[in-house]
Amino acid sequence: MAARAAGRELRPEDEDFDDDESAPAPYVPLLVRDVMPTAVVTARPDQLVSELDLTQVTGMPVLDAAGAMVGVISKTDIETRAVDAETRVEDLMSRRIKVCRPNNTVAEAAAMMLKYKVHRLPVVKSNAKTGEISLVGIITRTDVYYALETGRL
71 MAARAAGREL
81 RPEDEDFDDD
91 ESAPAPYVPL
101 LVRDVMPTAV
111 VTARPDQLVS
121 ELDLTQVTGM
131 PVLDAAGAMV
141 GVISKTDIET
151 RAVDAETRVE
161 DLMSRRIKVC
171 RPNNTVAEAA
181 AMMLKYKVHR
191 LPVVKSNAKT
201 GEISLVGIIT
211 RTDVYYALET
221 GRL
């Protein structure tokens with residue numbers, strides 16, 4: 071049925087045309103890979119905590135010499151424990167790592183952060199041939215908030 075305005079039929083090129091019979095755009099969930107930074111600041115287990123730069127990030131994955139993720143360390147881990155000049159990352163890091171995948175939705179990642187009471191999730195990918203798991207990014211609560219704020223979630 072054609073729309074009418076002031077006694078005349080509106081056409082699609084008219085400014086006031088509203089085709090109310092059109093279907094709404096399908097919902098496409100926002101994926102972790104769409105919002106995660108891929109340049110990830112990391113630490114080494116043998117690194118001194120005093121060497122960490124926690125001015126730009128509040129936590130980071132910890133990778134061993136082979137590049138395998140062995141933990142996560144956060145500003146909170148450091149601030150809530152006794153730390154001296156010789157304290158190493160491995161002494162404070164959390165070894166029970168919660169991760170997500172690039173194809174998880176941002177909503178799923180947010181739910182995981184709430185469930186496990188964490189502020190960030192390393193994003194990992196598995197190599198089907200070798201079974202190796204590699205770090206490909208990280209998603210933080212700030213990334214989730216930004217997606218909400220910009221209407222992308």
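When we follow this note's numbering, the leftmost residue of the sequence shown carries the number 71, and every step to the right adds one.
Idealized CB from N, CA, C, for every residue including glycine.
Model, not experiment: these values are computed from the prediction.
Going by DSSP in three states, residue i sits in which element: helix, strand or coil?
i, result
"Met182", "helix"
"Val214", "helix"
"Ala109", "coil"
"Val169", "coil"
"Gly207", "strand"
"Val176", "helix"
Ends of the alpha helix (DSSP H) at residue i?
i, result
"Val132", "Not the alpha helix (DSSP H): Val132 falls in the beta strand (DSSP E), residues 129–133."
So, for residue i: in the same chain, excluding its five sequence neighbours on each side, which residues have a beta-carbon less than 6 Å away from its beta-carbon?
i, result
"Arg190", "Gly129, Ile208, Thr210"
"Asp213", "Val105"
Taking the C-alpha atoms as reference points, what is the distance between residue i and residue j?
i, j, result
"Pro172", "Thr108", "11 Å"
"Arg151", "Val98", "43 Å"
"Thr125", "Ser144", "12 Å"
"Thr146", "Asn174", "26 Å"
"Thr112", "Val142", "9 Å"
"Pro115", "Met182", "25 Å"
"Ala135", "Lys199", "22 Å"
"Leu133", "Val194", "13 Å"
"Ser61", "Met139", "Residue 61 falls outside the range modelled here, since the chain spans only 71 to 223, and no answer is possible."
Quick one: what's got a C-beta closer than 8 Å to residue i's C-beta in the same chain, skipping five residues either side?
i, result
"Val110", "Met130, Pro131, Pro192, Leu205, Gly207, Ile208"
"Glu156", "Leu118"
"Glu202", "Ser196"
Short check: CB of residue i to CB of residue j, under 8 Å?
i, j, result
"Ala180", "Leu100", "no"
"Val127", "Val176", "no"
Let's see if you can read the secondary structure: which residues bound the beta strand (DSSP E) around residue i?
i, result
"Lys195", "190–196"
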